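The sequence shown begins at 119 in the numbering used here and counts up by one.
Every residue, glycine too, gets a C-beta built ideally from N, C-alpha and C.
Computed from a predicted model, the values in this text were never measured in an experiment.
Below is one structure, written out as structure tokens, with a few remarks after it.
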Amino acid sequence: MKKRFAFTLVELLVVISVIAALLAILLPVLNRARANAAKIVCAKNLGQISIAMGAYAVDWQNQIITAREFFFKPTKDNISKTWFVSLLPYVSKKVSINTVEDIFANSPKIWFCPKDKDPYPTGFYNYPHGKTLTSYALNGLCSDNEVYWSGPPLKLGPAGGFTYAQIPQPSSCMLMTETSYASQIYDAEHKNVQDFTVRRDGHHRMTSGFYHSQSMNVSYVDGHVGNIKGREVDADEKYIPSNYKTGKFLFWPKLTLPTANESPAFWGPGY
């Protein structure tokens with residue numbers, strides 16, 4: 119007679135327990151590996167964008183591409199001046215810009231961080247979330263767009279209308295960073311900005327995207343990419359857009375960057 123071999127209930131439970139223990143050990147390691155991979159991809163994206171910006175500068179008298187938006191006047195001319203459209207030829211991307219929909223439909227992959235779950239700014243031209251535009255923002259505010267202030271011209275940050283040669287500390291000055299809100303970032307509360315009526319859409323407390331274990335990737339004017347840990351501050355309702363208060367969208371209202379008062383070299387000229 120042939121004997122039949124089978125696992126007993128106790129043996130099955132032991133095997134299941136061993137597998138569960140291995141999963142408990144391996145899953146955090148795998149999650150960390152995925153997070154690190156996303157962080158590396160994001161940093162690589164910023165590096166490629168920096169190279170494209172350098173190529174753009176060669177064609178435009180060493181000019182840093184200017185931080186512009188078309189929130190209120192989405193004309194073809196305004197759209198064509200935004201950094202994420204102006205750089206398309208420098209990343210081998212040919213896109214029609216006849217409509218805003220064209221931009222959403224053809225955005226290059228390097229415009230997006232893998233960890234950014236909401237790469238479309240709140241309130242952007244009344245379009246819903248779920249569209250894709252960019253995960254990154256230029257450090258700058260340029261005075262050639264009158265919707266931001268009332269008063270004399272205002273130029274903030276390296277992308278506020280400056281050339282590469284005008285940045286005194288290029289290795290310390292942020293050029294671009296991560297965001298899930300707008301395509302430009304600035305310090306609206308710096309002492310030199312208080313006399314202006316500046317919209318808060320691009321203020322760093324509203325735009326900073328700390329997607330990598332509460333840190334963010336930052337590219338600098340000299341082209342290198344670094345990582346900055348978010349600074350925890352008290353939550354303040356005035357900085358949190360209403361659509362973010364539900365917690366539906368990825369946003370860190372308690373984390374921010376060093377201010378321009380604390381680190382003027384980091385924010386660049388104009389502060």
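Taken through DSSP and simplified to helix, strand or coil, Gly344 comes out as strand.
Between Cys260 and Gly279, the CB-CB gap stays under 7 Å.
Gln166 is the residue among Ala139, Gln166, Arg318 whose C-alpha sits nearest the C-alpha of Trp229.
The DSSP-derived three-state label of Glu350 is strand. For Tyr174, the closest of Lys199, Glu129, Leu373, Asp354 by C-alpha to C-alpha distance is Lys199.
Ser333 sits in a strand when the DSSP states are folded into three classes. Close CB contacts of Ala378 within its chain, under the 6 Å cut and outside five residues either way in sequence, are with Asp305, His308, Trp385, Tyr389 (chain order). Looking at the DSSP output, Glu296 shares a beta bridge with Tyr254. Distance between His342 and Ser289, taken at the CA atoms: about 8 Å. Restricting attention to Gln312, Ser168, Leu375, Tyr329, the CA atom closest to the CA of Arg349 is found in Leu375. In this structure, Leu256 and Ala185 form a Cβ contact; the two beta carbons are roughly 4 Å apart against a cut-off of 8 Å.
Distances from the CA of Asp352 to each of Ser337, Arg323, Asp340 were compared; the closest alpha carbon is that of Arg323.
Counting the other CB atoms within 10 Å of its CB gives Asn180 a total below 16, which places it among the exposed residues.
A distance below 6 Å between beta-carbons, with the five flanking residues on each side excluded, links Gln287 to the following residues of its chain, in chain order: Ala383. With at least 16 other beta carbons inside 10 angstroms of its own, Thr295 counts as buried.
Shown here for Asp313: not one same chain residue has a beta carbon closer than 6 Å to its own, the five before and five after excluded. Scanning its chain for C-beta atoms nearer than 6 Å, with the 5 sequence neighbours on each side dropped, one finds around Val209 the residues Ala170, Pro226, in chain order. Relative to Lys372, the option among Gln332, Gly344, Ile346, Val336 whose CA is nearest is Gln332. As the crow flies, the alpha-carbon of Ala161 is around 17 Å from that of Gly172. For Ile167, the three-state secondary structure derived from DSSP is helix.
As the crow flies, the alpha-carbon of Val132 is around 17 Å from that of Ile143. In this chain, Val316 is not harboured by any alpha helix (DSSP H), its DSSP state being neither H nor E. DSSP lists His321 as the bridge partner or partners of Tyr304. DSSP places Val203 inside the alpha helix (DSSP H), whose first and last residues are 201 to 204.
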